[in-house]
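Numbering (this note's numbering), first residue to last: 142 to 300.
Here is the structure we will look at, set down as structure tokens.
Given below as structure tokens:
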């Protein structure tokens, strides 16, 4: 497993791609912040939903398609690791404000979404609440490493 430093430095693009022994480094970060009181199934579900939005507005986060030795094709995935953090309700609220003030690409998951069953109702549930009143249970952010670090300041790595 790579450490964060092995995957996060660089000049905005992959380096070391031509040399298999050189770690690939990025100056960007994909990170998820989950509220620390979620059940295990909720943490997994929220994380999956949150990261699904990042590639739609930031296509540079998506790598090349995969293929096995038999040439069976597989979908492309993120080109870099996703770091998962946890924090309190207050930590999420502060991080949300920081992400907004930095205009970083972000996705949110609110407590209301646990009681909906489809995308239309999910969007309506978020739309019904002003940003300051959202009961956030998770948030994903993508951007320059230092900006994402500042947004998630006070959060801890998910165990």
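The C-beta atom is built at its ideal place from N, Cα and C for all residues, glycine as well.
These numbers come from a predicted model, not from an experiment.
Here the region 239-254 lies against the region 271-283, with 3 or more beta-carbon pairs under 8 Å apart. Judged by DSSP secondary structure, residue 195 falls outside any beta strand (DSSP E) and instead within the alpha helix (DSSP H) spanning 181-198. Rounded to the nearest angstrom, the gap between the Cα atoms of residue 209 and residue 234 is 43 Å. Around the beta-carbon of residue 215, fewer than 16 other beta-carbon atoms lie within 10 Å, marking it exposed. Under the DSSP assignment, residue 251 falls in the beta strand (DSSP E) whose first and last residues are 247-251.
For secondary structure counted as the beta strand (DSSP E) over 3 or more consecutive residues, the region 213-289 holds these complete runs in sequence order: 223-228, 247-251 and 277-285.
A residue is called buried when at least 16 other Cβ atoms come within 10 angstroms of its Cβ; residue 202 meets this threshold and is buried.
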